[in-house]
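Protein sequence lines correspond, in order, to chains A and B. Counting along the first sequence from 1, when you hit position 157 you're at 157 in full-length UniProt numbering, and nothing is skipped either side. Counting along the second sequence from 1, when you hit position 40 you're at 40 in full-length UniProt numbering, and nothing is skipped either side. Here a beta-carbon is modelled for each residue, glycine too, at the ideal position from N, C-alpha and C.
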Amino acid sequence: MGGFDLVAILTNPNFGLMLLHGLEMTFVIATGSWLLAMTLAILLLIIRLSPSRLADRAVAAYVSYHRNVPTLVQLMLWYFGISSLLPEGLQYWLSDHNAEATFAIVALGLCQAAYFSEDLRSGIRSVPAGQSEAARALGHSFFGTMRYVLMPQAFRNALPALINHSVSLFKNSSLAMAIGVAELTHAVKEIESQSFRTFEAYLIATIAYLICSLLIMSVGAALGRKAALSGGR
Amino acid sequence: MLWDILSIIQDNWLLLLIGQYPNGPLGGLAATLILSVLSIALAFPLSVLLALARLSRSPFLLWPSTALVYIARGVPLLMLILWVYFMVPLLLGANIPGFVTMLVTLVLYEAAFLSEVVRAGIVAVGRGQMDAARALGHSYLGAMWYVILPQALYNMLPSILSQFVSTIKETTLGYVINVPELTFAANQINNRLLSKPFEVFFILAIIYYLVCWTLTHAATVLERRIARKRAGTTTGPLPVTMQPQTLTAEP
């Protein structure tokens with residue numbers, strides 16, 4: 001292998017395509033699991049806010065499981081374990097339809113939902129009780145209070161934590177490589193083993209990850225500033 | 001299924017917990033715990049230096065330390081592990097064991113995250129403490145070491161413990177570069193009994209859950225105890241939840 005040569009990798013049409021596909025897969029996994037996580041987190045939050053003790057305990061158990069078991073183990077449990085319990089027809093269908101990516105999205109989404117729901121819950125708890133009492137006194141229904149008074153404030157309070165966890169979800173998408181999803185880390189490992197340009201290959205991927213993470217962080221900071229302005233606090 | 005799980009545990013407990021096998025001197029949970037303890041123990045001093053560098057005004061200290069923290073926050077740990085795994089042999093011209101690769105990467109990564117905890121801890125100690133220590137004739141480093149850090153450390157303990165929990169969870173990535181730890185051991189068992197993947201990975205999840213839950217719980221208890229202790233003394237601001245409630249009716 002010659003000296004440092006970034007162009008050799010970037011201009012090679014094969015490697016360029018692999019990188020693009022890897023980046024695309026990373027985005028598919030990150031976006032898919034983010035959407036799943038956020039939907040589920042709001043659902044978990046609503047269940048937790050209901051007066052039932054049993055529902056509260058169930059959600060607490062869900063959160064505790066997902067916080068205390070490593071993400072990689074959850075991915076493996078889904079991809080190797082739970083997939084083997086599914087009916088055979090479904091297993092074949094899934095293996096025809098990129099089972100690795102599907103299970104990666106499911107596992108990462110379920111895991112991150114636990115973190116997101118905790119962020120939202122602490123966001124709601126930091127809104128003073130007087131706010132919801134005042135809203136109810138003004139004639140809002142329970143859902144109206146939630147929609148117009150509590151949720152906007154809760155989201156604003158939870159924003160920094162949500163952004164942090166979104167960045168870590170994006171970073172965790174690299175774990176999908178371990179179950180064989182052809183995302184960015186996987187593509188780079190392939191390129192490295194084909195071209196022997198270790199340094200250049202990893203440099204490209206590291207910079208790509210870093211730019212995306214910093215972008216998410218700065219969008220989060222901008223959102224935070226906007227929320228602070230409109231809220232006046 | 002319960003019977004399968006029990007029999008797998010009974011047949012492989014040595015491998016899962018402390019067992020030996022060809023790929024390494026230790027196996028399973030023991031290797032995972034040793035790796036985590038070593039990483040945090042080595043990362044902590046480094047994180048204090050990083051935090052002090054992040055608090056200094058000198059650009060030569062500020063820029064590299066900030067860059068390290070942002071790289072750790074923005075790049076997946078897996079990517080950093082692969083960097084060390086492939087680049088160190090190229091630079092040194094010699095292979096290093098996976099365990100050492102993992103340790104080096106974890107120390108740098110955890111130091112970056114811990115340095116944020118340490119920085120917050122130092123900033124939370126009142127500004128007056130530093131002024132008073134300097135007035136008593138301590139140097140900057142002396143004041144840090146004898147006055148600020150002991151107070152900061154006490155408040156940081158719960159955060160350090162939860163960082164330890166995330167280190168335990170991160171050691172699973174060693175599996176990708178064949179570090180013989182708990183996840184690796186479970187995969188060996190899975191390869192041996194290919195017919196029971198669910199049971200094997202379920203056991204793996206349970207072991208991690210038990211260990212991490214115990215430590216998370218300990219961190220929560222410690223945090224509550226420290227908050228209560230601080231509420232009992234007159235120094236330092238009270239945590240919001242600990243402030244005395246007024247019993248007068250609101251107008």
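Test: residue i CB closer than 8 Å to a CB of chain A
| i | result |
| --- | --- |
| P180(B) | no |
| M87(B) | yes |
| N12(B) | no |
| L108(B) | no |
| N95(B) | no |
| L82(B) | yes |
| A112(B) | no |
| W63(B) | no |
| L90(B) | yes |
| residue 305(B) | Look at the range of chain B in this structure, 1 to 251, and you will see that residue 305(B) is not part of it. |
| L173(B) | yes |
| A152(B) | no |
| A205(B) | yes |
DSSP state of residue i mapped onto helix, strand, coil
| i | result |
| --- | --- |
| V229(B) | One detail in the question is off: residue 229(B) reads as Lys in this sequence, not Val. Looking at K229(B) - three-state DSSP - the assignment turns out to be helix. |
| V69(A) | coil |
| N190(B) | helix |
| E133(A) | helix |
| M1(B) | coil |
| G139(A) | coil |
| D5(A) | coil |
| L35(B) | helix |
| G224(A) | helix |
| T155(B) | Just to set this straight, residue 155(B) is Asn in the shown sequence, not Thr. Looking at N155(B) - three-state DSSP - the assignment turns out to be helix. |
| S139(B) | coil |
| A182(A) | coil |
| K189(A) | helix |
| P223(B) | Position check: residue 223(B) holds Glu in this sequence, whereas Pro was assumed. E223(B): helix per DSSP, three-state reduction. |
| P180(B) | coil |
| F196(A) | coil |
| N12(B) | helix |
| P128(A) | coil |
| S195(B) | coil |
| S52(A) | coil |
| S56(B) | coil |
First through last residue of the alpha helix (DSSP H) which encompasses residue i
| i | result |
| --- | --- |
| T101(B) | G98 to A124 |
| F15(A) | P13 to L49 |
| W93(A) | E88 to D96 |
| F80(A) | Run containing F80(A): none; DSSP gives neither H nor E here. |
| T171(B) | Premise fails: T171(B) is in no alpha helix (DSSP H) and is neither H nor E. |
| W83(B) | L77 to L92 |
| W63(B) | P59 to G74 |
| A154(A) | M151 to N172 |
| L110(A) | A99 to R125 |
Contact with chain B by residue i, beta-carbon distance below 8 Å
| i | result |
| --- | --- |
| P70(A) | yes |
| Y209(A) | yes |
| S174(A) | yes |
| T11(A) | no |
| A205(A) | yes |
| E192(A) | yes |
| R233(A) | Confidence at R233(A) is low in this model, with a pLDDT of 45, below 50, so its placement is unreliable and no value can be given for it. |
| T185(A) | yes |
| Y65(A) | yes |
| Y62(A) | no |
| Y92(A) | no |
Interface partners of residue i on chain A, CB under 8 Å
| i | result |
| --- | --- |
| F202(B) | L77 and G81 |
| F198(B) | L77, F80, G81, I82, S84 and L85 |
| A227(B) | What A227(B) touches in chain A: nothing, since even the nearest Cβ is about 16 Å away. |
| N190(B) | F80 |
| W213(B) | S64 and N68 |
Under 8 Å by beta carbon: chain B residues contacting residue i
| i | result |
| --- | --- |
| V167(A) | R73 and G74 |
| L110(A) | By Cβ distance, chain B contributes nothing, its closest Cβ being about 13 Å from L110(A), past 8 Å. |
| M177(A) | L78 and V176 |
| S213(A) | R73, G74 and V75 |
| S122(A) | Going along chain B, no residue has its Cβ under 8 Å from S122(A), so there is no contact; the nearest lies around 12 Å. |
| S33(A) | Going along chain B, no residue has its Cβ under 8 Å from S33(A), so there is no contact; the nearest lies around 14 Å. |
| K171(A) | G74, V75, P76 and L77 |
Amino acids of chain A, ordered along the chain, whose beta-carbon sits closer than 9 Å to that of residue i
| i | result |
| --- | --- |
| Y208(B) | N68, V69, P70 and V73 |
Within chain A, partners of residue i - CB distance below 7 Å
| i | result |
| --- | --- |
| T183(B) | L72 and V73 |
Partner residues on chain B for residue i, Cβ-Cβ distance less than 7 Å
| i | result |
| --- | --- |
| F199(A) | M87 |
Cβ of residue i within 8 Å of any chain C Cβ
| i | result |
| --- | --- |
| Y115(A) | Within the model displayed, chain C is absent; protein chains A and B are what it includes. |
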